[in-house]
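These notes concern the structure reproduced below.
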Amino acid sequence: ERPREDTVAIPEKPGPQLSDRQAEIYRFLEGNGPRNVLVIAQALGLRTAKDVNPDLYKMKSKHILDFDEKLKVWTIYRPEDSGRRNHQSTAIIYQQNPVNVMHQSGPNSHISIANSHSTQIGHGNIITRQITSGEQGKWPERRSGEGALGGCPLPGGW
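Residue 111 is where the sequence shown starts when you use my numbering, and the numbers rise one by one after that.
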């Protein structure tokens, strides 16, 4: 498949356009992830950031490396990450403890769960609907033996 004329092709690996030192920098970041300039210099056997800065900025101008101003680290350029800086990030919750209570309200609220193991949705959920003026609300009758949550047994009773 031919690339479109209006797109820029970014190679997976840098080609022969890199100097030996630039190739070393690339391999170091590829194997170790984002690092600050002094760590990069020391990993190459150099003493100061001044020794590698020209190479880092040349590689940045070629879209091989990227510099994170906030974290002050150099990383391998990934075009799919470049647009995220200007957009509000979505909160991601990594659940470590066994209980999590979520409350979301609003017409466009939703919860998304992905890459999850042993996820339990339900048992003890309370779903409420606010009644607006002019509506008549009627609560369903409870059957005997039901817990306080209306159909779910009390915690510990399952």
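Where a beta carbon is used, it is the ideal one built from N, C-alpha and C, also for glycine.
**Exposed unless 16 or more other CB atoms sit within 10 angstroms - verdict on Leu166** = What you label residue 166 is simply residue 56 of the sequence shown in a count that begins at 1. Label assigned to Leu166: buried.
- prompt: Ile186 lies in the alpha helix (DSSP H); which residues open and close that run?
  reply: Within the sequence shown, the letter at position 76 stands for residue 186. It is not in any alpha helix (DSSP H) - Ile186 instead sits in the beta strand (DSSP E) that spans Val183 to Ile186.
Residues that DSSP places opposite Leu175 in a beta bridge: As a first step, residue 175 is located in the sequence shown; it is residue number 65 there, counting from the start. Answer is Ile186.
- Taking DSSP as the reference, what is the three-state secondary structure of Arg145? For the purposes of this step, residue 145 is taken as residue 35 along the sequence shown, with counting starting at 1. In the structure shown, Arg145 sits in a strand (DSSP, three-state: E or B).
- What do you get for Ile132, buried or exposed, if any count of 16 or more other CB atoms within 10 angstroms of its CB means buried? Looking up residue 132 in the sequence shown gives position 22. Residue identity differs from the one stated: residue 132 is Gln in this sequence, not Ile. By the Cβ-count criterion, Gln132 is buried, with 16 or more other Cβ atoms from all chains shown falling within 10 Å of its own Cβ.
Subject >> Reduced DSSP secondary structure (H/G/I, E/B, other) of Gln132 >> reply: In the sequence shown, residue 132 corresponds to position 22, counting from 1. In the structure shown, the three-state DSSP call for Gln132 is helix.
Count the other CB atoms, across all protein chains shown, that sit within 10 Å of the CB of Gln127; report buried if there are 16 or more and exposed otherwise.
Residue numbering aside, residue 127 sits at position 17 when the sequence shown is read from its first letter. So Gln127 ends up on the exposed side.
What's the gap between the Cα of Thr158 and the Cα of Ala151? Taking the first residue of the sequence shown as position 1, residue 158 is located at position 48. Taking the first residue of the sequence shown as position 1, residue 151 is located at position 41. Answer to the nearest angstrom: the Cα atoms are 6 angstroms apart.
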